[in-house]
Amino acid sequence: MFYEAKPTWVEEEWPEEGLNDFEDHGWDQPVLPAPATPGYTPRPQPDVITLGAVLLVVLMLVGFWRDRGRAQPAAALSIRPTPSPAITPTPLPLLDIYAVAAPYDDYWITQGPHGTSYGHYAVDLAAGQGTTIKSPINGVVMNHYTDIYGNTTLIIENDLYVVTMLHGEYTAPVGEIVYLGQPVGVESNIGYTTDMRGVSCRGRSCGYHTHLNIYDKRQQQNVNPLDLIK
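Okay, so the sequence shown: first residue is 630 according to this note's numbering, each after it adds one.
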């Protein structure tokens, strides 16, 4: 046989006034902060609206400087000249190391080809007393002397030519490397020179010129200087 246990209810006594317990205990009242601890200062809470405005301004400035930095190289490149691939620089002509030129910038011929009787095929060129005489070729000064007739003689040589000049006051020493157009002396009348009548100019102011002879090693003979210096 089973017995059913019945619950026993205990009734609590409420206040006789019948007031609401929530109101009575103040549960519907705002919660006040705890009393401040001595020496502690509460930190102010940030203003969300102000922080948002500051952040927006910062983002705008960052974007402005970033866009400006990107545009700067483009502006610089736009004014820089760009060479056209269709334009090819013209190379400078190579120096002709075996070129031959007259010993003067400006001159006149006082006597055409002559001298075969004494082993020359030379011409006489004049530019005026004291005019600078220039090397007719690129080469080395092989000799500088005065011959038996009193003619001052300068010989310059390279792989192709031997150049002989007479009558000048030459200053280039033996062994010196000289270049085409380099000064090697000045025009004079030293040695056997004559005037237009064939009279010797020794001791007189006449007969100033350069006797020019060119020997071609390939042909192994003297050649007409006018064919090379024209």
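For each residue, glycine too, the CB sits at the ideal point set by N, CA and C. The model shown is predicted, which means the values in this text are computed figures rather than measured ones.
Inset, instruction - Report yes if the C-beta of L754 is less than 7 Å from at least one heavy atom of the ligand ZN; otherwise report no. - result: Absence of the ligand ZN is noted for the structure shown, with no ligands found whatsoever.
Legend entry - Where M689 falls, given that 16 or more other Cβ within 10 Å makes a residue buried: exposed
Legend entry - Contacts around G759, its chain only, beta-carbon distance under 6 Å, and the 5 residues preceding and following it disregarded: V815
Inset, instruction - For I777, count neighbouring Cβ atoms within 10 angstroms of its own Cβ and tell me buried if that reaches 16, exposed if not. - result: exposed
Legend entry - From I843, N851, Q848, residue whose alpha carbon lies closest to that of I766: I843
Legend entry - Exposed unless 16 or more other CB atoms sit within 10 angstroms - verdict on S834: exposed
Legend entry - At least 3 beta-carbon pairs within less than 8 Å: the stretch 743 to 753 vs the stretch 846 to 853: yes
Inset, instruction - Could you tell me the distance, in whole angstroms, from the CA atom of I806 to the CA atom of I785? - result: 9 Å
Inset, instruction - For M794, count neighbouring C-beta atoms within 10 Å of its own C-beta (all shown protein chains included) and say buried if the count is 16 or more, exposed if not. - result: buried
Inset, instruction - Could you tell me the distance, in whole angstroms, from the CA atom of H840 to the CA atom of D725? - result: 24 Å
Legend entry - Extent of the continuous alpha helix (DSSP H) run through D856: 855 to 858
Inset, instruction - Measure how close the beta-carbons of H838 and H796 come, nearest whole angstrom, since I'm counting them as under 8 Å. - result: 6 Å
Legend entry - Residue from Y799, N787, S817, S764 whose Cα sits closest to the Cα of H773: Y799
Legend entry - T745 - DSSP class collapsed to helix/strand/coil: helix
Inset, instruction - State the CB to CB distance for the pair S764 and V813, rounded to an integer number of angstroms; the pair is presumed to be in contact (CB under 8 Å). - result: 5 Å
Inset, instruction - With L841 as the anchor, note down where its beta strand (DSSP E) starts and where it stops. - result: 839 to 845
Legend entry - Backbone secondary structure at P702 - three-state DSSP: Below a pLDDT of 50, predicted positions are generally treated as unreliable, and P702, at 46, falls in that range; the measurement from the model is reported next regardless. P702 falls in the helix class under three-state DSSP.
Legend entry - First through last residue of the beta strand (DSSP E) which encompasses S768: This sequence places Gly at residue 768; Ser is not what is there. 768 to 775 is the extent of the beta strand (DSSP E) around G768.
Inset, instruction - Drop a sphere of 10 angstroms on the beta-carbon of A728, count the other beta-carbons inside from all chains shown, and report buried for 16 or more, exposed for fewer. - result: exposed
Inset, instruction - Report the residue from A756, T739, G768 whose alpha carbon sits nearest the alpha carbon of Y733. - result: A756
Legend entry - Spatial distance of M825 from L783 (CA atoms): 25 Å
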